[in-house]
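S.K.: I'd like to ask you about the structure that follows.
Residue numbers (full-length UniProt numbering): 1 to 235.
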């Protein structure tokens, strides 16, 4: 009678808590590479928050990412499916939601902390967020002039991706393309529409032939700012 050799890959479980609700998250861990019959279970060794330092004006948002390092050297990102407990040291400077998105409120420096439990231990990590009172002195869209093909049976979806970069009064330059503070629009939606959905902001989709103006506008620290680009849809 033959003996079947089986090898199991264990999943290490990291249970994280948020707002009094227990959320169990499974972190996949590779088994050992040896030829024996044993199994390896990696343990959580540390928690990090990236970026570790950020500098943004009041009114804008910064997405922070929590990541665990395991004893086998691998890492796992704590995304929306791996909820951690986020907190801010000073809500008058910055707040943070359950996904790690920090909102700058007022000038100053706040510490944004992520907390989770694993291996019977509590892990913590923090990031520094500096909030300034800078305003947008210039907003630029790229490309400034774009040409697109209209949709067809062979290519029903034709997209043009626009980006928005702001020069601030303190001299820094930041990408506002996906920031909630920026609103995108098209002057003629019979020619092209522009997405305002997080993750696809600034993406223009051709509808029909013609010309339209793509606009991006917002307000920061009480000051309005805007920029435009030209999009022509032609066969």
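Even for Gly, the Cβ is constructed at its ideal location relative to N, Cα and C.
For a quick check, are the C-beta atoms of residue 161 and residue 203 less than 7 Å apart?
M.R.: With contacts defined by Cβ atoms closer than 7 Å, residue 161 and residue 203 form a contacting pair.
S.K.: So, does the segment 44-57 touch the segment 205-218, judging by three or more C-beta pairs under 8 Å?
M.R.: no
S.K.: Leaving aside the five residues before and after residue 103 along the sequence, list all residues of the same chain whose C-beta is less than 7 Å from its C-beta, in chain order.
M.R.: 61, 94, 95
S.K.: Can you name the residues that DSSP bridges to residue 206?
M.R.: 192
S.K.: Per DSSP, which residues does residue 180 bridge with? Please list them.
M.R.: Answer by DSSP bridge pairing: none, since residue 180 is not bridged.
S.K.: What residue ranges within the UniProt domain "BIG2" (43-126) form continuous beta strand (DSSP E) runs of no fewer than 3 residues, ordered along the chain?
M.R.: As far as the UniProt domain "BIG2" (43-126) is concerned, its whole beta strand (DSSP E) runs of at least 3 residues are 44-50, 53-57, 61-63, 65-70, 75-78, 85-88, 94-96, 101-104, 108-118.
S.K.: If you drop the 5 nearest sequence neighbours on each side, which residues of the same chain put their C-beta closer than 6 Å to that of residue 176?
M.R.: 164, 166, 182, listed in sequence order.
S.K.: Indicate whether residue 133 and residue 224 have their beta-carbon atoms separated by less than 7 Å.
M.R.: no
S.K.: Check each candidate in 41, 213, 54, 228 and name the one with the smallest Cα separation from residue 131.
M.R.: 54
S.K.: Report, in whole angstroms, the separation of the C-beta atoms of residue 76 and residue 143, which I expect to be a contact under 8 Å.
M.R.: Incorrect: roughly 37 Å between the Cβ atoms, too far for contact.
S.K.: Below 8 Å on the Cβ atoms is my contact criterion, and I expect residue 186 with residue 192 to pass it. Report the Cβ-Cβ distance as a whole number of Å.
M.R.: 5 Å
S.K.: Are the CB atoms of residue 127 and residue 64 nearer to each other than 7 Å?
M.R.: yes
S.K.: Quick check: what's the CA-CA separation for residue 66 versus residue 57?
M.R.: 22 Å
S.K.: Determine the closest residue to residue 136 out of 217, 73, 43, 51, with distance taken between C-alpha atoms.
M.R.: 217
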